[in-house]
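**Q** Provided herewith is a single structure, encoded as structure tokens, for subsequent inquiry.
There are 2 protein chains.
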Amino acid sequence: MKILVVGSVAYDAVETPAGKRESQLGGAATYFSVAASYFTEVGMIGVVGDDFDPADIAMLESHDIDISGLIKADGKTFRWTGEYMEDINTAVTLDTQLNVFGSFEPELSDAHANAPYLFLANIDPNLQLKVLDAMANRPKMVANDTMNLWIDIAKPALSELISKVDALLINEEEAKQLTGEDHLPDAASAITGMGPSSTVIKRGEYGATLFGENFSFAAPAYPLERVVDPTGAGDSFAGGFMGYLASVDKVDQESLRTAAIVGSTMASFAVEDFGLDRTKNLTHSDIAERFEAFVDLTRFNPLT
Amino acid sequence: MKILVVGSVAYDAVETPAGKRESQLGGAATYFSVAASYFTEVGMIGVVGDDFDPADIAMLESHDIDISGLIKADGKTFRWTGEYMEDINTAVTLDTQLNVFGSFEPELSDAHANAPYLFLANIDPNLQLKVLDAMANRPKMVANDTMNLWIDIAKPALSELISKVDALLINEEEAKQLTGEDHLPDAASAITGMGPSSTVIKRGEYGATLFGENFSFAAPAYPLERVVDPTGAGDSFAGGFMGYLASVDKVDQESLRTAAIVGSTMASFAVEDFGLDRTKNLTHSDIAERFEAFVDLTRFNPLT
């Protein structure tokens, strides 16, 4: 396995201006894995309840995702209820039921512990640290995501984790909250000071900005006619980003730039339909075509 | 003269987190003209009061700007007082004194009326229409800007104007207000339905998106370490955008793309210091260097 991801697997109840779904497969590890699966071999560490649908297992397996680390526990799968009604860019959480996720203790097999790429999706930074410590060798690249909750209640563990990763992928608002800086380049530079050589600031419909070692790179969002469900866009970005890097097995500047566009490509698919409905049914030519649309969206000629 | 611009010339009192200026040269036509002057010959139509500083006349003349249309009237120059304290992206207007601008009646000489490029900066759409009607020939390209005030109180005249221009340059919020569409591509498409073949949506620190005939182009904002004063960024963008188009004398897709980056380049200089302090002192190599920084900010390799 080239990439190991640890994070949530969930059933989400979601309402957007485009409609409502009572219970759709979601969770950061799920979105990440399916997006990354188009580029490389992915293994998931997570937990589901005894209500987990065999059809969802079959979907993950059909993407050659290694789910040997997806533990089935007694109880119900993690459930998130949210809506994007006032502002399509901002999720309002209506309810969170941790269920089996509340006592989640990641356990790694040898195959997991030897993965060269590691993505620590948004969970308690103490668990993220535990997974990083459990790796047999320091992976070639470790990236993580986080959220406002952990900045509020687990800042020391989060700061320790960030000091140990190569890349932090974080929302703009959370980057500002984490660093206390209002201005984006200042926030990115404060994060660099915490440890990571790359910081990806996710800006929703405004795209993402990558701050690397002595360069920055602006990836736009694709101006889609219709955004159906923004859930999972950030994790799909991460899946495309890490999936591409693992596939070329390089983390240099040039690869990071292309990876950010691959991430934006996968995020653009994620929001086109509810949950994983679009992302799970892609072909490689769909991906290549959308990547080319990003080329067209951003290309310009020299100044004459 | 290649470009004629009609719009405000002002003295602004501005406060930003970087400091405060009691009275600095501003106004849409001023920012536009100085930015465009690095690319082509510009003529301004506007009005100033008898308090207008001869040093400001000298500065405009030093940029070879034709100010034969800048009328001096009895009274004081238009004065805008604003601040950007809570949010550097949003100007809060504290006071507006129209002064001589209140009875402004644009008058065009033959040289003005034959300009092949026309920019109608943000003023009463009835005046914008009057200038367009006064042109001897239909210019090769006409673009305009507007603001929430005119959408509120002069929508019919504004809609008539928009039906006659080639390009509308407008802030994201105002594009949404104008069209009643919450989603950017929908707003752009509604504007296209009103007439213009190109719509440039200005998104402040998120850059600008150009919606043209069968293409869209995303121009990022430059991630500056320090934004000192956002006043005039949009008009400096317009000046770079139109100035470049007039200099190559083409308005095809390829030229529009490059022009949007030239616009972003000029906007990035505008915000680096108060008022015109940075923009008025540029060299052509400063501009070429910043343009190259945009190339570096956006370039990426094909998917392998």
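Chains as they are written, first to last, in UniProt numbering: chain E, 1 to 304; chain U, 1 to 304. Even for Gly, the Cβ is constructed at its ideal location relative to N, Cα and C.
Work out the CA separation of U/Ile-3 and U/Asp-166 for me, nearest whole Å.
**A** 14 Å
**Q** What first and last residue would you give for the beta strand (DSSP E) that runs through E/Ala-288?
**A** Counting along the chain, E/Ala-288 falls outside any beta strand (DSSP E), though it belongs to the alpha helix (DSSP H) covering 284 to 298.
**Q** Taking CB distances under 8 Å as the criterion, tell me whether U/Thr-258 reaches chain E.
**A** yes
**Q** What would DSSP say about E/Glu-22, mapped onto helix, strand or coil?
**A** Of the three classes helix, strand and coil, the one that applies to E/Glu-22 here is strand, per DSSP.
**Q** For a test of the three-state rule: what should DSSP assign to U/Val-9, helix, strand or coil?
**A** coil
**Q** Measure the Cβ-Cβ separation of U/Ser-216 and U/Met-194 and say whether it is below 8 Å.
**A** no
**Q** Write down every uninterrupted run of the beta strand (DSSP E) in the stretch 161 to 248 of chain E whose length is 3 residues or greater and which is fully enclosed by it, in chain order.
**A** 167 to 171, 198 to 202, 208 to 212, 215 to 219
**Q** Below 8 Å on C-beta distance, what does E/Arg-203 contact in chain U?
**A** Tyr-206
**Q** Does the Cβ-Cβ distance between U/Ala-260 and U/Leu-245 come in under 8 Å?
**A** no
**Q** If you reduce the DSSP assignment to three classes, tell me which class U/Met-59 lands in.
**A** helix
**Q** Assign E/Leu-254 to one of three DSSP states: helix, strand, or coil.
**A** Note that residue 254 of chain E corresponds to Glu in the displayed sequence, not to Leu. Of the three classes helix, strand and coil, the one that applies to E/Glu-254 here is helix, per DSSP.
**Q** On the criterion of 16 or more Cβ atoms from any shown chain inside 10 Å, does U/Ala-218 qualify as buried, or is it exposed?
**A** buried
**Q** Could you tell me if U/Val-295 is buried or exposed, where buried requires 16 or more neighbouring beta carbons within 10 angstroms of its beta carbon?
**A** exposed
**Q** Kindly list, in the order they appear in chain U, the residues whose Cβ is closer than 7 Å to that of E/Glu-213.
**A** Simply none; closest approach about 14 Å.
**Q** Specify the secondary structure class of U/Asp-66 as computed by DSSP and reduced to three states.
**A** In the three-state scheme derived from DSSP, where H, G and I count as helix and E and B as strand, U/Asp-66 is classed as strand.
**Q** Can you check whether the C-beta of U/Glu-225 is within less than 8 Å of a C-beta belonging to chain E?
**A** Answer yes: the Cβ-Cβ gap between U/Glu-225 and chain E drops below 8 Å somewhere.
**Q** Quick one: give me the first and last residue of the beta strand (DSSP E) that E/Leu-94 is part of.
**A** 92 to 97
**Q** So what's U/Phe-52 in DSSP terms, helix, strand or just coil?
**A** coil
**Q** Consider the Cβ of U/Phe-300: report whether some Cβ of chain E lies at a distance smaller than 8 Å.
**A** Yes, contact with chain E.
**Q** If you draw a straight line from the C-alpha of E/Val-228 to the C-alpha of U/Thr-40, how long is it?
**A** 45 Å
**Q** Which value, in whole angstroms, describes the spacing of the CA atoms of U/Ile-170 and U/Thr-199?
**A** Answer to the nearest angstrom: the Cα atoms are 8 Å apart.
**Q** Whose Cβ in chain U lies nearer than 8 Å to the Cβ of E/Ala-288?
**A** Correct list: Leu-303.
**Q** Would you mind stating whether E/Thr-231 and E/Phe-211 have Cβ atoms separated by less than 8 Å?
**A** no
**Q** Looking only at its chain, what residues have a beta carbon closer than 6 Å to the beta carbon of U/Thr-30, apart from the 5 residues adjacent to it on each side?
**A** Val-9
**Q** According to DSSP, is E/Gly-46 part of a helix, a strand, or is it coil?
**A** strand
**Q** How many Å lie between E/Arg-226 and U/Glu-181 at the Cα?
**A** 12 Å
**Q** Taking the C-alpha atoms as reference points, what is the distance between E/Arg-203 and U/Leu-184?
**A** 15 Å
**Q** Between U/Glu-86, U/Arg-257, U/Asp-124, which has its C-alpha nearest U/Arg-153's C-alpha?
**A** The question names Arg, but residue 153 of chain U in the sequence shown is Ile. Of the candidates U/Glu-86, U/Arg-257, U/Asp-124, the one whose C-alpha sits nearest the C-alpha of U/Ile-153 is U/Asp-124.
**Q** Determine, for E/Ala-58, whether the minimum Cβ-Cβ distance to residues of chain U falls below 8 Å.
**A** no
**Q** Is it right to say U/Thr-93 is buried, meaning 16 or more other beta carbons lie within 10 angstroms of its own, or is it exposed?
**A** Counting Cβ neighbours within 10 Å, U/Thr-93 comes out exposed, since fewer than 16 surround it.
**Q** I'd like to know whether the C-beta atoms of E/Ala-190 and E/Phe-237 end up nearer to each other than 8 Å.
**A** no
**Q** What number of angstroms, rounded off, separates the C-alpha of E/Pro-17 from the C-alpha of E/Tyr-84?
**A** Rounded to the nearest angstrom, the two C-alpha atoms are 7 Å apart.
**Q** Per DSSP, E/Lys-72 is paired with what?
**A** E/Val-48
**Q** Take E/Gly-102 and list the residues in its own chain whose beta-carbon comes closer than 8 Å to its own, dropping the five residues that flank it on each side.
**A** none
**Q** Based on the DSSP output, what are the partners of E/Thr-81 in its beta bridges?
**A** The secondary-structure analysis by DSSP pairs E/Thr-81 across a beta bridge with E/Ala-13, E/Asp-95.
**Q** Could you give the distance in angstroms between the alpha-carbon of E/Glu-254 and the alpha-carbon of U/Phe-300?
**A** 7 Å
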